[in-house]
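Residues 1 to 71 (the UniProt record's numbering) make up the sequence shown, in order.
For each residue, glycine too, the CB sits at the ideal point set by N, CA and C.
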Amino acid sequence: MLWLYILVGLLSLIAGLALGFFIARRYMMNYLKKNPPINEQMLRMMMMQMGQKPSQKKINQMMSAMQKQMK
Numbered sequence: 001m002l003w004l005y006i007l008v009g010l011l012s013l014i015a016g017l018a019l020g021f022f023i024a025r026r027y028m029m030n031y032l033k034k035n036p037p038i039n040e041q042m043l044r045m046m047m048m049q050m051g052q053k054p055s056q057k058k059i060n061q062m063m064s065a066m067q068k069q070m071k
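Shown next, in the form of structure tokens:
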């Protein structure tokens, strides 16, 4: 009878961990989609700090590449 309680406890723990992982993953994916970590202004500043003169075309290319990578 004791082994049954231990088995149910372990199965509940494993199910809770798996469910928590997938809920946290979905939350973070939605958060990053709504609030991207890098925007055009930040990208422009980074390029200027590296000594490059950023053109709008280059920034658009980099932003579209980052958006494709997010999907």
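### Close Cβ partners of Gly20 (< 8 Å) along its chain, the five nearest in sequence each way excluded
none
### Query
So, Pro36 versus Arg44, is the Cβ gap smaller than 8 Å?
no
### Query
Are the CB atoms of Glu40 and Met70 nearer to each other than 8 Å?
no
### Message
One question on the structure: do Met66 and Ile38 come within less than 8 Å of each other, judged by their Cβ atoms?
### Response
yes
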